[in-house]
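First residue of the sequence shown: 596, per the working numbering; consecutive thereafter.
Reading through the structure tokens given below for one structure.
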Amino acid sequence: MNFVKEVELSIFYGTGTIVDNYVKLSIFPNLILNSIGPALGIYFLTKITQSKNNTLAIDFKKIVLVSVLLLLLAISNSLYLTNENFTILINSNVLIFLYLIQVVLVYYHQSFENFKTGALSSSIQALIILIVIFIGYIMNLHDLIFYSITIALIIQITILCVSIKMRNYNVTIINSKDKDFFKGIISIILGIGLIEVLSFITKYFIGLFPDNGYLSIFNYSYKLANLPNSIIVFSFISIIFPKLSKISKGDILIKLNSKLTNVIISTLTLFSIVCIIFSKSIVKLVYGNGVFSNKDLNLVSLTFDILMCVMIFVSVLTIQYRVLFLLKKFRIIIINSIFQITILVLLSVFSVQITNSYIDLYYGILITTFLGVSINYLFINIKDIWIVLVTLVAILIILLLSNVLANCVIFVLFMIMLIIEMKNIKKGRFNYNNETVN
């Protein structure tokens, strides 16, 4: 549904000031939606499911600190949007708090195995956004699109609250000290929402360029590149991760994860090569009916090529962090994530201040995620780091040469690598330190 929204925006408005402002309005709120909100939601969910008699034990002092941090985030957002009109500024800050309430309420329902209400209310929210954007376009009320998410979230939150009242979950909230609160929250934020944090940094710096259209171009490309990869990785995690969670011995878990990760890298690289070869056709098929010039389509296609390669490493990072979470290596998750954020900020500043190139910002994400994956391999299984290095070389050849023959040769090489890894998996057994996993 959200991807349909991007297509609708492209049809009505293409690239330019309106969509740029719409994306800018959502930069800080999306940080809540995809990282901070889920982290708090998972925290509450865990507390409820692990308690007896539906007791929610939370540290009120820590929650107050989180509220202060959210207020600081809203202030930072206001400073970032200081040159925008009042409508964008108010809606953006309201969304920060609405998204947090919405995500926490959805996870609250999930604590009682009620997944249907969250899914249904989210679908209604997405549908309302589509309708409001359409009405705004038909009635020539372009500012209405800035209210679309706010209106939809208020309706969704109302539905979630009414459902809680009707179901009468009877949760008892008590005050309880939690020494590991921030360690757990930060690990979840950086582990689950790292790509959103990196995307947030990139969008922030793109917004510093004086020219219009670059934010919307990045947003269209990002949504398109993230769609297939998120489906592939989500399917993989849904099937494999529960099985990995049952493995108690860390060395076996590391060995099994390494083999499966190699398959994911090979598969996504093959998929990315195909998408890059036909990128112009794909972009034209999806966004060609919109208000796009040929220059816009070419820029979206170029950005899409780079982001397809970025998603290879992002997908691997997602899997690696889940394994590190199972191994309870929270310090590695936090340090590596902070390292990646620092590197991306430095590269982004270099792109804005020195090279003055928005394309360099995208290469900054590529370099950052590659370094993140490589560091995790050092801790998880250094013997297999060769596949990451080979993938990086292949990506650089694909992006810099833009030669169909070179892409085909690399495609064949990775197909061979995938076949070899799949043969190992089809054997059904991994021997490691005299232990066997079927």
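We put the CB at the ideal spot given by N, CA and C, even for glycine.
Predicted model, so just to flag it, every value in this text is computed and none were measured.
- When C-alpha distances from isoleucine 929 are compared across Ile781, Glu791, Ile980, the shortest belongs to Ile781.
- Residue burial is scored here from C-beta neighbours: lysine 924 has at least 16 other C-beta atoms within 10 angstroms and is therefore classed as buried.
- Going by C-alpha positions, asparagine 672 is about 8 Å away from serine 687.
- Secondary structure in the stretch 730-767: the alpha helix (DSSP H) runs of 4 residues or longer, each lying completely within the stretch, are 740-762 in chain order.
- Taking threonine 797 as reference, the option from Thr963, Leu973, Ile744 with the minimal CA-CA separation is Thr963.
- In the three-state reduction of the DSSP assignment, aspartate 891 falls in the helix class.
- When only Cα atoms are considered, isoleucine 719 and leucine 973 end up about 44 Å apart.
- Taking 3 residues as the minimum length, the stretch 939-987 contains no beta strand (DSSP E) run wholly inside it.
- Straight-line spacing of the CA atoms in valine 878 and tyrosine 817 works out to 12 Å.
- Counting along the chain, isoleucine 691 sits inside the alpha helix (DSSP H) bounded by residues 681-705.
- Scanning its chain for C-beta atoms nearer than 6 Å, with the 5 sequence neighbours on each side dropped, one finds around isoleucine 970 the residues Asn931, in chain order.
- Take leucine 684, set aside five residues on each side of it, and the residues of its chain with a beta-carbon closer than 7 Å to its own are Ser673, Leu676, in chain order.
- Contact between the stretch 889-903 and the stretch 933-949 is absent: fewer than 3 CB-CB pairs across the two stretches fall below 8 Å.
- At least 9 Å separates the beta-carbon of threonine 745 from that of leucine 700.
- Residues of the same chain with a CB within less than 6 Å of the CB of serine 758, apart from the 5 flanking positions on each side, are Thr712 in chain order.
- Counted as a single uninterrupted DSSP element, the stretch harbouring isoleucine 627 is not any alpha helix (DSSP H), since DSSP gives it neither H nor E.
- Spatial neighbours of glutamate 603 in its own chain (CB-CB distance under 8 Å, excluding positions within 5 residues in sequence) are listed in chain order as Leu725, Ile728, Phe729.
- Proximity of the stretch 788-806 to the stretch 658-665 falls short of the contact definition, fewer than three beta-carbon pairs being nearer than 8 Å.
- Assignment of phenylalanine 804 by DSSP, reduced to helix, strand and coil, places it in the coil class.
- The shortest C-alpha to C-alpha distance from glycine 967 to any of Asn616, Leu984, Tyr953 is the one to Leu984.
- Per the coordinates, the alpha-carbon of leucine 942 lies some 27 Å from the alpha-carbon of alanine 634.
- With 16 or more other CB atoms across the displayed protein chains lying within 10 angstroms of its CB, aspartate 891 is buried.
- Less than 9 Å divides the Cβ of glycine 885 from the Cβ of isoleucine 606.
- According to the DSSP assignment, tyrosine 608 belongs to no alpha helix (DSSP H), since it is labelled neither H nor E.
- For the pair phenylalanine 813 and valine 947, the CB atoms are not nearer than the 9 Å cut-off.
- In the structure shown, lysine 923 adopts coil according to DSSP, grouped into three states.
- From the listed residues Phe692, Asn616, Glu601, Glu679, the smallest Cα separation to leucine 667 is found for Phe692.
- Inclusion of glycine 636 and tyrosine 702 in the CB contact set at 9 Å is warranted, their separation being smaller than that value.
- Rounded to whole angstroms, asparagine 625 and glutamate 601 show a C-alpha spacing of 15 Å.
- For the 9 Å CB-CB criterion, methionine 761 and asparagine 821 do not form a contact.
- Its Cα nearest to that of serine 874, the residue Asn893 stands out among Asn893, Leu863, Ile949.
- For valine 886, no alpha helix (DSSP H) run applies, since DSSP gives it neither H nor E.
- In this structure, leucine 855 sits near isoleucine 914, with a CB-CB distance shorter than 9 Å.
- In the DSSP annotation of this structure, the continuous segment of the alpha helix (DSSP H) that includes leucine 880 starts and ends at 874-882.
- When secondary structure is reduced to three states using DSSP, glutamate 708 falls in the coil class, being assigned neither helix nor strand.
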